[in-house]
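Numbering (the numbering used here), first residue to last: 10 to 227.
The structure under discussion appears below in the form of structure tokens.
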């Protein structure tokens, strides 16, 4: 029986990829590197720090990963504060309310930093619906490592087989399956070249996993 749902944030709750794309590419310009599309797309779902560590290794940068994180965050913050069109993914708030109304426990498991998570939750008043919020930036390992979803299951208070993850990225799906959790892949417009083959279910709109439909799979 389904008792808890673990949401990713970027690309599932918020349509943030266009903002991240701009912020990352501004940071790439700051440190004079050109990152191919295929490499950039492989970053989806990973924490910013781990991405910046990877960039430092690949491009032999003298700058520290932490300094790259700060550059990227500076650009993202400026974009976030000035983009009045920034919004939740279509249909996700209705889904969150539907799950909450039907007694499901909701947990956030995101690679974003906790300040970024808190800012999104405050802007869109999401806190009343969620029992817990977990940031991959606070963990030793980054997606596709399953640590964040193993911890999210514990935070839910339920068994692994009673939980479900909603993800939009290859790395997140691998993390969910590595934790042994049923995983729904949200095939969104902004999630480019992601591999959903390991997901248990692939959807293009959230109404396909409303409670009355998804409960039948558990």
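Think of the CB as a built atom: it goes at the ideal place given N, C-alpha and C, for glycine as much as any other residue.
Residues in the same chain with beta-carbon distance under 6 Å from residue i, minus the five sequence neighbours each way, listed in chain order, please.
{"i": "residue 227", "result": "10 and 11"}
{"i": "residue 153", "result": "180, 183 and 184"}
{"i": "residue 202", "result": "50"}
{"i": "residue 215", "result": "100, 101 and 104"}
Please report the distance separating the alpha-carbon of residue i from that of residue j.
{"i": "residue 78", "j": "residue 225", "result": "42 Å"}
{"i": "residue 212", "j": "residue 218", "result": "8 Å"}
{"i": "residue 111", "j": "residue 89", "result": "33 Å"}
{"i": "residue 103", "j": "residue 113", "result": "14 Å"}
{"i": "residue 42", "j": "residue 168", "result": "45 Å"}
{"i": "residue 22", "j": "residue 96", "result": "9 Å"}
{"i": "residue 44", "j": "residue 69", "result": "13 Å"}
{"i": "residue 135", "j": "residue 123", "result": "14 Å"}
{"i": "residue 157", "j": "residue 148", "result": "7 Å"}
{"i": "residue 161", "j": "residue 15", "result": "7 Å"}
Mind checking who residue i pairs with in its DSSP beta bridge?
{"i": "residue 49", "result": "The partner list for residue 49 (beta bridge, DSSP) is empty, contrary to what the question assumes."}
{"i": "residue 192", "result": "174"}
{"i": "residue 114", "result": "13"}
{"i": "residue 211", "result": "194"}
Residue i: buried (16+ other C-beta within 10 angstroms of its C-beta) or exposed?
{"i": "residue 117", "result": "buried"}
{"i": "residue 176", "result": "buried"}
{"i": "residue 25", "result": "buried"}
{"i": "residue 155", "result": "buried"}
{"i": "residue 3", "result": "Past the edges of the chain, shown from 10 to 227, lies residue 3, and the structure says nothing about it."}
{"i": "residue 53", "result": "buried"}
{"i": "residue 196", "result": "exposed"}
{"i": "residue 9", "result": "Here the chain has residues from 10 to 227 only, and residue 9 is not among them."}
Please list, in chain order, all residues of the same chain as residue i whose beta carbon is under 8 Å from its beta carbon, the five residues on each side excluded.
{"i": "residue 58", "result": "74, 75, 78, 146 and 151"}
{"i": "residue 200", "result": "20, 26, 53, 177 and 178"}
Step through the CB atoms of chain C and report whether any lies within less than 8 Å of the CB of residue i.
{"i": "residue 198", "result": "No chain C appears in the structure shown, which is made up of a single protein chain."}
Quiz item: Of all the alpha helix (DSSP H) runs that stay within the bounds of the segment 120 to 171, which reach a length of 4 or more residues?
Solution: 123 to 133 and 156 to 165
Quiz item: At which residue ranges does the segment 63 to 96 contain complete alpha helix (DSSP H) runs of 4 or more residues, listed in the order of the chain?
Solution: 74 to 91
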